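Protein chains in written order, with numbering that gives the first Met the number 0: chain A, 0 to 270; chain B, 0 to 246.
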Amino acid sequence: MARVTQATAPWLPRLASRIAWGALFPIVLLGIGWELLASSGHVTPFQLPRLSAVFIRIWDDAQTGELAINAGLTLYRTLVGFAISVVGGVLLGAGMARSVSIRWFFDPIISVGFPMPKIAFLPIMVLWLGFFDVSKIAMIVLDAIFPVVTATLAGLNSVERELIWSARNMGASERELLWQVMLPAALPQILTGLQVSLPLCLIVAVVAEMAMGGYGLGGAMNTASRFADSRGVFAGIVEIAAVGYCLIKLMSLIRRRLLLWHQEALEPTTA
Amino acid sequence: MKSALIRYLPLLILACAWETVARLGLVSSLALPPLSKVMAAWLDLVADGELIGNGLASLYRAGMGLVLAVAIGGALGIAMAWWRSVNLLVGPLVELFYPMPKSALIPVTVLWLGFGDGSKILLIFLGCMLPVTIGAFNGARGSERVLIWSARSMGASRLRVLWDVVLPSAMPELLNGIRTAIALAFILLVSSELIEARKGLGSLIGFLGNNGSYEAMFAVVLTVALLGFAADRAYQLLMQRVLQWRE
Numbered sequence: 000m001a002r003v004t005q006a007t008a009p010w011l012p013r014l015a016s017r018i019a020w021g022a023l024f025p026i027v028l029l030g031i032g033w034e035l036l037a038s039s040g041h042v043t044p045f046q047l048p049r050l051s052a053v054f055i056r057i058w059d060d061a062q063t064g065e066l067a068i069n070a071g072l073t074l075y076r077t078l079v080g081f082a083i084s085v086v087g088g089v090l091l092g093a094g095m096a097r098s099v100s101i102r103w104f105f106d107p108i109i110s111v112g113f114p115m116p117k118i119a120f121l122p123i124m125v126l127w128l129g130f131f132d133v134s135k136i137a138m139i140v141l142d143a144i145f146p147v148v149t150a151t152l153a154g155l156n157s158v159e160r161e162l163i164w165s166a167r168n169m170g171a172s173e174r175e176l177l178w179q180v181m182l183p184a185a186l187p188q189i190l191t192g193l194q195v196s197l198p199l200c201l202i203v204a205v206v207a208e209m210a211m212g213g214y215g216l217g218g219a220m221n222t223a224s225r226f227a228d229s230r231g232v233f234a235g236i237v238e239i240a241a242v243g244y245c246l247i248k249l250m251s252l253i254r255r256r257l258l259l260w261h262q263e264a265l266e267p268t269t270a
Numbered sequence: 000m001k002s003a004l005i006r007y008l009p010l011l012i013l014a015c016a017w018e019t020v021a022r023l024g025l026v027s028s029l030a031l032p033p034l035s036k037v038m039a040a041w042l043d044l045v046a047d048g049e050l051i052g053n054g055l056a057s058l059y060r061a062g063m064g065l066v067l068a069v070a071i072g073g074a075l076g077i078a079m080a081w082w083r084s085v086n087l088l089v090g091p092l093v094e095l096f097y098p099m100p101k102s103a104l105i106p107v108t109v110l111w112l113g114f115g116d117g118s119k120i121l122l123i124f125l126g127c128m129l130p131v132t133i134g135a136f137n138g139a140r141g142s143e144r145v146l147i148w149s150a151r152s153m154g155a156s157r158l159r160v161l162w163d164v165v166l167p168s169a170m171p172e173l174l175n176g177i178r179t180a181i182a183l184a185f186i187l188l189v190s191s192e193l194i195e196a197r198k199g200l201g202s203l204i205g206f207l208g209n210n211g212s213y214e215a216m217f218a219v220v221l222t223v224a225l226l227g228f229a230a231d232r233a234y235q236l237l238m239q240r241v242l243q244w245r246e
């Protein structure tokens, strides 16, 4: 594996830095535009505070430790929800791929449940599980598990027959077949499912925090909005966007790492 | 008919299990009112017009937001594929904002436009635009060079090529992007209405929940869920029709 990374290493950083500089320019432009618009007097500071003021606010929150608590709690809920969705979703998907009766039972539930706006169940979750972490995490799992299940099922079903036959032929047990042949072969599709699921986790975490209040980035934004503290609201947006961006970049790094053996790792990508 | 029954039997089993568990008192009827009572509450809500009035308000918001998102987002995506400079300028911004959890925008849209329709429409527009943009961009970028060259060499103007070649070949991915957008529209609609609104299905759920009329609350929750499901199915049928020429 190490040899593969070395072989691709020389051109990779150069390409990456070129992309990064090219990409940075419009973002900096947007930031400058925001600052100019906010200080031009066409909009009130209430509608759009200066970007610099928002950054100062974030810095202050970081100093008092509030940022760490809020971001930490949101991340904790997101990641616990994500972990449960991944484990549960892969298990359920694998079960559906292997057993006809499991598939018969869950297939209509998944196909009806997937396109539903599950966020509507939020008040029911609160009713059942209270206002604290459990209901928020349950809500996240309810939303984020569906893409994992369908991706796992589709991935396992599209594993090439020849691979399975060869493994069986060479005397692999059912369990070995699942862990060493089926799941790795289905991994690209499963990871695609996870890449759909992770942003959902963060969206639902933020909404649940907004609706229920309390600590967390969403809760802090909701409080700021109630008190008409528009700097706090915009600070929240920047923080949530940053967390979302990092999570998604991390996920695509993990994907590249796990799929080093796969053809797609050789294709150039900006992610 | 019979195969459909066997296929959807698990849902029926779940419904029966719900009714039995609630009737036998295994869980408190506050936490889980029996399905039959929920249905009765649903009929009441329809009869006194609350469900329909709020439902129409919600659908209006979702529809307006989606139409704007599809029109502007789709045009932006195709422009990104057609003009390199647009892509260089807008591409990084799309990549920056795409992973952003759109629910974070709920308080800002309220800050700008208040509690009414405007803030919901803006939120749904902003939240649903990027999946459409990315779908249109990928689709238009993937249109075959040969087709474009042939059309050009046969004397089609650039605009004509855009309309007659690029747009149709972008269609499948564009339509997929719109499907994601529809799902997102429902999520954003319900969450923004739950958090701050005075009418709409989401605020009706919140209102009934705060009042303790849980049977009616369950009825509205199920209505919203089924609306989302029905919208997706209807859209899938439409997509199949639109894409018939590809077969």
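By construction, the Cβ of each residue, glycine as well, lies at the ideal position given by its N, Cα and C atoms.
Keep in mind the model is a prediction, meaning the values are calculated, not measured.
Over the uninterrupted alpha helix (DSSP H) stretch that includes residue i, give me the two end residues.
| i | result |
| --- | --- |
| THR149 (chain A) | 132-156 |
| ASP116 (chain B) | 116-140 |
| SER156 (chain B) | No alpha helix (DSSP H) contains SER156 (chain B), which DSSP labels as neither H nor E. |
| THR222 (chain A) | 216-225 |
| THR73 (chain A) | 65-97 |
| MET124 (chain A) | 121-128 |
| PRO106 (chain B) | 105-112 |
| PRO198 (chain A) | 182-211 |
| ASP43 (chain B) | 34-46 |
| VAL69 (chain B) | Segment: none, VAL69 (chain B) is in no alpha helix (DSSP H) and carries neither H nor E. |
| TRP17 (chain B) | 1-22 |
| MET250 (chain A) | 229-257 |
| VAL189 (chain B) | 166-194 |
| THR222 (chain B) | 213-241 |
| ILE204 (chain B) | 200-210 |
Would you say residue i lies against chain B (beta-carbon separation less than 8 angstroms)?
| i | result |
| --- | --- |
| LEU252 (chain A) | no |
| LEU126 (chain A) | yes |
| TRP103 (chain A) | yes |
| GLY88 (chain A) | no |
| LEU258 (chain A) | no |
| ALA153 (chain A) | no |
| GLN5 (chain A) | Bear in mind that the predicted position of GLN5 (chain A) carries a pLDDT of just 44, short of 50, making it unreliable; the figure below should be weighed with that in mind. Judged by the 8 angstroms Cβ criterion, GLN5 (chain A) is not in contact with chain B. |
| LEU35 (chain A) | no |
| VAL232 (chain A) | yes |
| ILE22 (chain A) | Residue identity check: residue 22 (chain A) is Ala in the sequence provided, not Ile. At least one chain B Cβ lies under 8 angstroms of ALA22 (chain A). |
So with Cβ pairs under 8 angstroms, would you call residue i a contact of chain A?
| i | result |
| --- | --- |
| VAL165 (chain B) | no |
| ALA95 (chain B) | First, the amino acid is wrong: residue 95 (chain B) is Leu here, not Ala. Output row for LEU95 (chain B): interface = yes. |
| PRO100 (chain B) | yes |
| ILE133 (chain B) | no |
| ILE77 (chain B) | no |
| ALA103 (chain B) | yes |
| TRP111 (chain B) | yes |
| ALA253 (chain B) | Residue coverage of chain B in this structure runs from 0 to 246, which leaves residue 253 (chain B) outside it and unanswerable. |
| SER190 (chain B) | yes |
| ALA150 (chain B) | no |
State the Cα-Cα distance for the pair residue i and residue j, rounded to the nearest angstrom.
| i | j | result |
| --- | --- | --- |
| ARG232 (chain B) | THR179 (chain B) | 13 angstroms |
| SER286 (chain B) | LEU28 (chain A) | Limits of chain B in this structure are 0 at one end and 246 at the other, which puts residue 286 (chain B) out of reach. |
| GLY192 (chain A) | ILE83 (chain A) | 14 angstroms |
| THR166 (chain A) | ILE144 (chain A) | Before going further, note that residue 166 (chain A) is Ala rather than Thr in the sequence given. Using only the alpha carbons, I get a separation of about 30 angstroms. |
| ARG225 (chain A) | LEU152 (chain A) | 44 angstroms |
| VAL99 (chain A) | VAL37 (chain B) | 33 angstroms |
| VAL219 (chain B) | ASP60 (chain A) | 39 angstroms |
| ARG56 (chain A) | LEU66 (chain A) | 10 angstroms |
| GLN46 (chain A) | PRO107 (chain A) | 46 angstroms |
| SER157 (chain A) | ALA185 (chain A) | 8 angstroms |
| ALA52 (chain A) | ARG230 (chain A) | 7 angstroms |
| THR269 (chain A) | ALA22 (chain A) | With a pLDDT of 46 at THR269 (chain A), under the threshold of 50, the modelled position of that residue is not reliable, and the figure given next carries that caveat. Each residue's Cα considered, the two are about 10 angstroms apart. |
| LEU34 (chain B) | LEU236 (chain B) | 30 angstroms |
| GLY48 (chain B) | LEU174 (chain B) | 34 angstroms |
| ILE253 (chain A) | SER156 (chain B) | 45 angstroms |
| PRO319 (chain A) | GLY87 (chain A) | Outside the shown range of chain A (0 to 270) lies residue 319 (chain A), about which nothing can therefore be said. |
- Contact residues within the stretch 5-19 of chain B, judged by C-beta distance below 9 angstroms to chain A: ILE5, ARG6, TYR7, LEU8, PRO9, LEU10, ILE12, LEU13
- Item | Residues of the stretch 174-186 of chain B with Cβ closer than 8 angstroms to any Cβ of chain A, in chain order | ALA182, PHE185, ILE186
- Contact list for the stretch 220-238 of chain B against chain A, Cβ threshold 7 angstroms: VAL220, VAL223, ALA224, GLY227, PHE228, ASP231
- Task: Taking only beta carbons into account, state which residues of the stretch 197-213 of chain A come closer than 7 angstroms to chain B, listed in chain order.
- Result: PRO198, LEU201, ILE202, VAL205, VAL206, MET209, ALA210
- Message: Against chain B, which members of the stretch 115-139 of chain A pass a CB distance test of less than 9 angstroms?
- Response: MET115, PRO116, LYS117, ILE118, ALA119, PHE120, LEU121, PRO122, ILE123, VAL125, LEU126, TRP127
- Can you give me, in chain order, the residues of the stretch 234-248 of chain A that have a beta carbon less than 7 angstroms from any beta carbon in chain B? GLY235, ILE236, ILE239, ALA240, GLY243, TYR244, ILE247
- Taking any Cβ of chain A, which residues in the stretch 195-207 of chain B have a Cβ under 9 angstroms from it, in chain order? GLU195, LEU200, GLY201, ILE204, GLY205, LEU207
- Message: Tell me which residues of the stretch 24-53 of chain A have at least one Cβ-Cβ distance to chain B shorter than 9 angstroms, keeping chain order.
- Response: PHE24, PRO25, ILE26, LEU28, LEU29, PHE45, GLN46, LEU47
- Between the stretch 167-199 of chain A and chain B, which residues of the former have CB atoms less than 8 angstroms from a CB of the latter, in chain order? PRO198
- Using a Cβ-Cβ cut-off of less than 8 angstroms, list which residues of the stretch 52-82 of chain B approach chain A; keep chain order. none
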